[in-house]
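Here the structure comes first, spelled out in structure tokens, and everything after it is commentary.
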Amino acid sequence: MADSPLGGSLAELLKKAQDLSQQLRAQQEELAGVRIPVSVGGGMVQMAFNGKGEALSLYLDRAVVDPNDIALLQDLVLSAVNEGVKQAQQRQQEAMAKMAGGLKLPGLTG
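The opening position of the sequence shown corresponds to residue 27 in the numbering used here, with each subsequent residue numbered one higher.
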């Protein structure tokens, strides 16, 4: 029996799935190497994140480390973390949209 259209289509589908998997791995590696700087409170709190949303560094200006105003420090750190995660998610969505060739894929693109 020669290759049936179904068999050929299945083989093509499997090949495309493997290619997509390789592209996704490459994209994740690329995102891990991206550095996203975040600064809040006029530079009093600075953080850096990678494109996967992982925190890489944290800088606190001495002026913001006031034992009498811990709430300010907490708010600034939370603000920096939220902004870094937001920017990383945007990078991830942009990367997925680029891979999808502009297609809107539920759960992968915005």
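Note that CB positions come from ideal geometry on N, CA and C, so glycine has one too.
Residue i vs residue j beta-carbon contact at 8 angstroms
i	j	result
ALA121	LEU57	yes
ILE62	GLY127	no
8 angstroms contact criterion, which residue i and residue j should meet: CB distance rounded
i	j	result
MET70	ALA89	6 angstroms
GLY79	GLN49	GLY79 to GLN49, Cβ: 20 angstroms. No contact.
MET73	ALA106	5 angstroms
Between the CA atoms of residue j and residue i - distance to the nearest angstrom
i	j	result
LEU40	GLU55	23 angstroms
ARG85	GLY77	Arg is not the amino acid found at residue 85; the sequence shown has Tyr there. Rounded to the nearest angstrom, the two C-alpha atoms are 19 angstroms apart.
GLY59	GLY67	26 angstroms
PHE75	ASP87	18 angstroms
SER35	ALA43	12 angstroms
Enclosing alpha helix (DSSP H) for residue i [first to last residue]
i	result
ARG88	Counting along the chain, ARG88 falls outside any alpha helix (DSSP H), and DSSP gives it neither H nor E.
VAL103	96-125
Where the beta strand (DSSP E) through residue i begins and ends
i	result
VAL66	61-66
MET73	71-76
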